[in-house]
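Novice:
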Amino acid sequence: MGLITLVTDFGLRDEYVGVMKGVILGRNPDARIVDLSHGIDPQDVRQAAYLLKAAYPYFPAGSVHTAVVDPGVGSQRAILAARYDGHVFLAPDNGLLSGIWEENSPDALVRVENKALFLEPVSHSFHGRDIFAPIAAHLSLGMDIGALGPALALDQAVHLAFPRAELQADDQLSGQVIAIDRFGNLATNISGTRIAHANPDAVVIRVGHHCITGISASYSGVREGRALALIGSRGSLEIAVNRANAARRLNVAKGAPVVVTLKQTS
Amino acid sequence: MGLITLVTDFGLRDEYVGVMKGVILGRNPDARIVDLSHGIDPQDVRQAAYLLKAAYPYFPAGSVHTAVVDPGVGSQRAILAARYDGHVFLAPDNGLLSGIWEENSPDALVRVENKALFLEPVSHSFHGRDIFAPIAAHLSLGMDIGALGPALALDQAVHLAFPRAELQADDQLSGQVIAIDRFGNLATNISGTRIAHANPDAVVIRVGHHCITGISASYSGVREGRALALIGSRGSLEIAVNRANAARRLNVAKGAPVVVTLKQTS
Amino acid sequence: MGLITLVTDFGLRDEYVGVMKGVILGRNPDARIVDLSHGIDPQDVRQAAYLLKAAYPYFPAGSVHTAVVDPGVGSQRAILAARYDGHVFLAPDNGLLSGIWEENSPDALVRVENKALFLEPVSHSFHGRDIFAPIAAHLSLGMDIGALGPALALDQAVHLAFPRAELQADDQLSGQVIAIDRFGNLATNISGTRIAHANPDAVVIRVGHHCITGISASYSGVREGRALALIGSRGSLEIAVNRANAARRLNVAKGAPVVVTLKQTS
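Here you go:
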């Protein structure tokens with residue numbers, strides 16, 4: 001088959017995503033292409049990294065994940081290809097992928113420099129079409145990333161800092177809202193595993209001017225219109241309002257601090 | 267092949283829809299997946315039902331229609347699978363499917379309980395990924411719905427009331443606007459068959475502060491900027507403005523009453 | 533395979549696009565369908581033409597490009613099918629395709645009249661479903677356009693005027709903004725080839741109240757927040773702001789005049 005996923009900030013109004021698919025299907029007519037998102041805020045590299053990290057494990061091993069959020073397009077920035085966790089990744093060297101492999105190093109990492117695989121001529125403003133699409137097609141046909149260019153040491157690639165939750169006292173975690181989904185649910189950078197050993201009924205979460213007590217099992221675990229906290233589908237703490245938009249109801253934006261107070265169990 | 271359609275309120279900014287597709291393709295690499303809509307208003311079960319009812323007959327028999335508009339996710343609400351009109355349906359037990367089979371009973375109806383087919387562990391907030399996607403994949407491979415769980419009598423499933431047009435006098439039908447499309451066209455719950463025997467030129471339609479006389483054959487049947495009524499592509503009465511947005515021009519919202527006065531022919 | 537692209541103004545909230553795909557896959561289960569855009573402004577035939585012209589060359593020869601921006605649906609307007617530049621095109625006879633073949637004539641042009649291929653009955657409001665989708669499916673299976681209806685001379689088809697850049701003096705080109713993309717970049721109708729022979733550092737571009745000197749190689753060729761001009765991915769002059777939205781920053785809308793002053797090289 002050859003499965004390719006796409007994450008971009010191109011939106012769906014313009015022809016950009018469709019054109020990438022045309023280039024891919026011209027090289028691998030059997031490629032399966034899945035849109036992860038084309039609604040990344042323009043040039044928000046971190047948002048793309050969070051989304052890709054949450055999504056890729058649900059795809060079959062060997063999938064080619066292609067992320068084009070690329071404010072440096074046409075400059076001297078490199079393009080990276082990597083093997084990591086059984087998957088293949090392709091992205092600009094702007095730190096996007098450093099959000100994927102925060103815990104382990106990639107199994108292989110190369111700079112994409114094999115111009116024979118690019119569209120000719122390569123534009124200065126649309127590498128998604130001229131470089132990423134044809135390379136993704138070749139990778140989906142089984143080409144090894146070693147054929148794309150020279151190996152790169154991990155510390156030669158751009159590293160982007162991602163905000164991390166911190167233990168502020170024995171019983172207090174300090175993190176932030178890192179994403180707001182379509183429902184207005186607030187995803188945080190506080191991993192569920194850091195709360196797992198606490199008594200869920202005694203956990204206190206502060207965000208904006210609001211204070212939530214307890215971790216709910218589901219969105220409908222409180223009355224309609226009430227705020228709640230739960231371990232979301234990405235495995236981290238999420239703040240929501242049952243049947244309403246938490247971002248609007250609680251007046252909280254991306255980046256807002258979140259403080260969790262734990263009472264250890266026994 | 268195995269054709270799967272998706273209707274959700276997930277939007278396209280987040281990774282949710284892409285992740286469902288990853289799970290499906292991991293189980294059935296040959297599945298064809300068609301997005302019906304991911305733009306259902308959050309938690310608007312009726313909107314999803316109207317849309318699915320309008321769309322499914324245009325797909326090949328045997329298609330698996332998967333609807334995840336699911337405000338009760340993670341609660342005790344059941345998940346239903348059904349065979350109806352030669353198609354397979356999968357949805358939460360919240361009345362969404364009761365909008366599909368208003369006229370006839372399903373040929374088979376089961377509660378989805380076969381945990382061996384679910385992702386492990388099942389989250390409390392994303393059954394689209396953990397239950398609906400793998401089940402849809404198995405159904406698209408030809409699994410019978412009987413393998414998913416115990417049969418259910420129709421009156422054991424949640425029934426949701428959908429507003430129906432009513433005959434108020436011999437010559438007067440009273441309905442409402444049930445959907446507004448991208449063009450601002452107003453779909454109503456007044457079936458075209460109830461108007462078919464009337465003289466189309468003598469039908470009078472009242473909506474908001476406006477009064478339209480006659481049923482047009484097409485949008486361009488009146489001058490640009492003028493309101494008109496026609497039998498829309500869903501087979502029911504629709505109100506539009508030629509080359510403009512009727513919802514905005516007529517200042518009419520979903521739920522607005524629509525009254526039709528008929529003059530019987532001969 | 534059989535590759536079909538779709539350009540419409542249907543949006544993605546309603547079932548219209550999904551239903552077209554259902555009809556296509558019912559006739560050609562192996563068709564590959566690529567969405568070019570469903571976000572064309574309602575009834576903006578020119579916008580669809582620009583987009584399709586930019587996109588189609590990146591698809592394999594033989595692809596069937598299906599454009600349904602069709603304010604005259606249900607009226608007496610014809611539907612056209614054409615062979616042009618190795619591709620197949622299908623669109624209403626409203627001038628949309630005249631934007632594609634501004635330079636050369638199509639190799640073949642027919643009126644689509646073979647009702648045996650249409651859905652039965654044909655509605656007056658959704659020819660995308662009832663005519664375009666089944667015809668596209670048959671074309672993707674290899675049907676010749678000659679089987680669709682009688683040949684048409686090019687001057688019998690509707691011709692739509694597209695604004696062209698004009699040479700106003702020996703060294704001055706006058707054009708306009710013809711499209712604004714998701715990033716707020718301003719596409720113009722001034723072809724890059726008309727600037728190619730000038731000294732790029734001496735070119736002066738005037739748009740709105742702004743004046744830009746020089747053609748940049750890429751978006752990041754100027755400091756963040758600064759306006760720039762470059763030859764965009766469609767091959768024509770584009771105005772952008774590095775890491776910001778030029779349409780908003782420069783307060784420029786579609787249709788705004790753009791004047792380019794060239795200094796000829798040697």
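Chains as they are written, first to last, in our numbering: chain A, 1 to 266; chain B, 267 to 532; chain C, 533 to 798. Think of the CB as a built atom: it goes at the ideal place given N, C-alpha and C, for glycine as much as any other residue.
1) Can you check the segment 433-473 of chain B for any alpha helix (DSSP H) of at least 4 residues that lies completely inside it and give the ranges in chain order?
2) Return the chain-ordered list of same chain residues with a C-beta closer than 7 Å to the C-beta of Ile632(C), the five sequence neighbours on each side being excluded.
3) Of all the CB atoms in chain A, is at least one closer than 7 Å to the CB of Ala778(C)?
4) Closest to Arg243(A) by CA distance: which of Gly221(A), Val177(A), Leu237(A) is it?
5) My output table needs one value for Ser236(A): the three-state DSSP class, helix, strand or coil.
6) Flag Asp280(B) as yes if its beta-carbon sits less than 7 Å from any beta-carbon of chain A, otherwise no.
7) Using the three-state DSSP reduction, which class does Leu362(B) fall into: helix, strand or coil?
8) Please report the distance separating the alpha-carbon of Leu673(C) from that of Asn560(C).
9) For my contact list, Arg312(B) and Arg545(C) are in at a C-beta cut-off of 8 Å; report their separation, rounded to the angstrom.
10) On the premise that Ile461(B) lies in contact with Leu528(B), defined as a C-beta separation below 8 Å, what is that separation, rounded to the nearest angstrom?
11) When DSSP labels each residue in this structure, what does Ile744(C) get in the three-state scheme?
12) With three or more beta-carbon pairs closer than 8 Å as the criterion, would you say the segment 648-659 of chain C touches the segment 688-708 of chain C?
13) Chain C partners of Gly72(A), CB-CB under 9 Å?
14) Which chain B residues sit within Cβ distance under 9 Å of Gly95(A)?
15) Taking the alpha carbon of Asn721(C) as the reference point, which residue from Gly606(C), Val566(C), Ala587(C), Ser768(C) has its own alpha carbon closest?
16) Listed from N- to C-terminal order along the chain, which residues in the segment 22-53 of chain A have their beta-carbon within a distance smaller than 7 Å of any beta-carbon of chain B?
17) Can you give me the Cβ contacts of Ser595(C) inside the same chain, cut-off strictly under 8 Å, excluding the 5 residues immediately before and after it?
18) Does DSSP classify Arg271(A) as helix, strand or coil?
19) With Ala599(C) as the anchor, note down where its beta strand (DSSP E) starts and where it stops.
20) Of the residues that make up the segment 173-191 of chain A, which ones have a beta carbon closer than 9 Å to any beta carbon in chain E?
21) Going by C-alpha to C-alpha distance, which of Ala593(C), Val790(C), Glu547(C), Val551(C) sits closest to Gly22(A)?
22) CA-CA distance, Asp662(C) and Thr66(A)?
23) Does the Cβ-Cβ distance between Ile145(A) and Val177(A) come in under 7 Å?
24) Using a Cβ-Cβ distance cut-off of 7 Å, determine whether Phe428(B) contacts chain C.
25) If we cut at 7 Å on Cβ distances, does Ser798(C) have a partner in chain B?
26) Note down the Cα distance separating Ile345(B) from Pro358(B), rounded to an integer number of angstroms.
27) What residues match up with Tyr84(A) in a beta bridge as DSSP calls it?
28) Can you name the residues of chain B whose CB is closer than 8 Å to the CB of Tyr58(A)?
29) Let me check you understand the geometry: is the CB of Ala403(B) closer than 6 Å to at least one non-hydrogen atom of the ligand GDP?
30) Considering only the alpha carbon of each residue, which of Met286(B), Ala402(B), Leu362(B) lies closest to Ala378(B)?
31) Mark Pro789(C) as exposed unless 16 or more other C-beta atoms lie within 10 angstroms of its C-beta, in which case mark it buried.
32) Is Phe384(B) close to chain A, meaning its C-beta is less than 7 Å from at least one C-beta of that chain?
33) Could you give the first and the last residue of the continuous beta strand (DSSP E) run that contains Arg643(C)?
34) Using DSSP with H/G/I as helix, E/B as strand and the rest coil, what is Leu117(A)?
35) If you run the structure through DSSP and keep just helix, strand and coil, what is Ile299(B)?
36) Note down, in chain order, every chain A residue with its Cβ under 7 Å from the Cβ of Arg775(C).
Specialist: The structure says:
1) List check, alpha helix (DSSP H) in window: nothing returned.
2) The residue given as residue 632(C) occupies position 100 in the third sequence. Around Ile632(C): Ala581, Leu584, Lys585, Tyr616, Phe621.
3) Locating residue 778(C) in the third sequence gives position 246, where the first residue counts as 1. Taking 7 Å as the CB threshold, Ala778(C) stays off the interface with chain A.
4) Indexing the first sequence from 1 puts residue 243(A) at position 243. Across the set Gly221(A), Val177(A), Leu237(A), the C-alpha of Gly221(A) shows the shortest separation from the C-alpha of Arg243(A).
5) In the first sequence, residue 236(A) corresponds to position 236, counting from 1. Secondary structure of Ser236(A) (DSSP, three-state): strand.
6) The sequence position of residue 280(B) within the second sequence is 14, counting from 1. Taking Cβ atoms only, chain A reaches closer than 7 Å to Asp280(B), which makes this a yes.
7) Taking the first residue of the second sequence as position 1, residue 362(B) is located at position 96. Correct three-state label for Leu362(B): coil.
8) As a position in the third sequence, residue 673(C) is number 141, starting the count at 1. As a position in the third sequence, residue 560(C) is number 28, starting the count at 1. The straight-line gap from Cα to Cα measures roughly 7 Å.
9) Residue numbering aside, residue 312(B) sits at position 46 when the second sequence is read from its first letter. Residue numbering aside, residue 545(C) sits at position 13 when the third sequence is read from its first letter. Going by Cβ atoms, the distance from Arg312(B) to Arg545(C) rounds to 15 Å, so no, they are not a contact pair.
10) What you label residue 528(B) is simply residue 262 of the second sequence in a count that begins at 1. What you label residue 461(B) is simply residue 195 of the second sequence in a count that begins at 1. Sure, about 7 Å apart at Cβ, within 8 Å.
11) Within the third sequence, residue 744(C) is the residue found at index 212, counting from 1. Residue state, collapsed to three classes: strand.
12) Touching, no.
13) Walking along the first sequence from the start, residue 72(A) turns up at place 72. Annotation: Cβ neighbours of Gly72(A) in chain C (cutoff 9 Å, chain order): Ser750, Tyr751, Ser752.
14) For this step, residue 95(A) is matched to residue 95 along the first sequence. The contact set of Gly95(A) on chain B, defined by CB atoms closer than 9 Å, is empty, because the minimum CB distance reaches about 19 Å.
15) What you label residue 721(C) is simply residue 189 of the third sequence in a count that begins at 1. Of the listed residues, the one whose Cα sits closest to Asn721(C) is Ser768(C).
16) Here the close residues are Arg32, Val34, Asp35, Leu36, Ser37, Gly39, Leu51.
17) The count along the third sequence starts at 1 and reaches residue 595(C) at position 63. So the qualifying residues of the chain are Leu535, Ile536, Thr537, Tyr588, His619, Val620.
18) The requested residue 271(A) is not part of the displayed model; chain A covers only 1 to 266.
19) Position 67 of the third sequence, counting from 1, holds the residue named residue 599(C). For Ala599(C), the enclosing beta strand (DSSP E) begins and ends at 596-600.
20) Annotation note: the requested chain E is absent from the structure, which comprises protein chains A, B and C.
21) Counting from 1 along the first sequence, the entry for residue 22(A) is found at position 22. A check of alpha carbon separations from Gly22(A) across Ala593(C), Val790(C), Glu547(C), Val551(C) identifies Ala593(C) as the nearest.
22) Working through the third sequence from its first residue, we reach residue 662(C) at position 130. Working through the first sequence from its first residue, we reach residue 66(A) at position 66. A straight-line Cα-Cα distance of about 36 Å links Asp662(C) and Thr66(A).
23) Indexing the first sequence from 1 puts residue 145(A) at position 145. Indexing the first sequence from 1 puts residue 177(A) at position 177. No.
24) Within the second sequence, residue 428(B) is the residue found at index 162, counting from 1. Interface annotation, Phe428(B): not in contact with chain C, CB-CB separation never under 7 Å.
25) Sequence index remark: in the third sequence, residue 798(C) carries index 266 (1-based). Note that Ser798(C) has pLDDT 48, beneath the 50 cutoff, so the model's placement of it is unreliable and the number below is only indicative. For Ser798(C), not one C-beta of chain B is nearer than 7 Å to its own C-beta.
26) Here the question's residue 345(B) lines up with position 79 in the second sequence. Here the question's residue 358(B) lines up with position 92 in the second sequence. Separation of Ile345(B) and Pro358(B) (C-alpha to C-alpha, rounded to the nearest whole angstrom) is 4 Å.
27) Sequence index remark: in the first sequence, residue 84(A) carries index 84 (1-based). For Tyr84(A), the beta-bridge partners assigned by DSSP are His87(A).
28) Indexing the first sequence from 1 puts residue 58(A) at position 58. Chain B residues near Tyr58(A): Val285, Gly288, Val289, Gly292, Arg395.
29) Although the ligand GDP was asked about, the structure shown includes no ligands whatsoever.
30) As a position in the second sequence, residue 378(B) is number 112, starting the count at 1. Position check: residue 378(B) holds Val in this sequence, whereas Ala was assumed. Ala402(B) is the residue among Met286(B), Ala402(B), Leu362(B) whose C-alpha sits nearest the C-alpha of Val378(B).
31) Along the third sequence, one-based indexing puts residue 789(C) at 257. Label assigned to Pro789(C): exposed.
32) Working through the second sequence from its first residue, we reach residue 384(B) at position 118. Taking 7 Å as the CB threshold, Phe384(B) stays off the interface with chain A.
33) For this step, residue 643(C) is matched to residue 111 along the third sequence. In this chain, the beta strand (DSSP E) harbouring Arg643(C) covers 640-643.
34) As a first step, residue 117(A) must be located in the first sequence, where it is residue number 117. Note: Leu117(A) maps to helix in three-state DSSP.
35) Here the question's residue 299(B) lines up with position 33 in the second sequence. The three-state reading of DSSP puts Ile299(B) in strand, counting E and B together.
36) The residue you call residue 775(C) lines up with position 243 of the third sequence. Going along chain A in sequence order, the residues near Arg775(C) (Cβ under 7 Å) are Gln43, Pro71.
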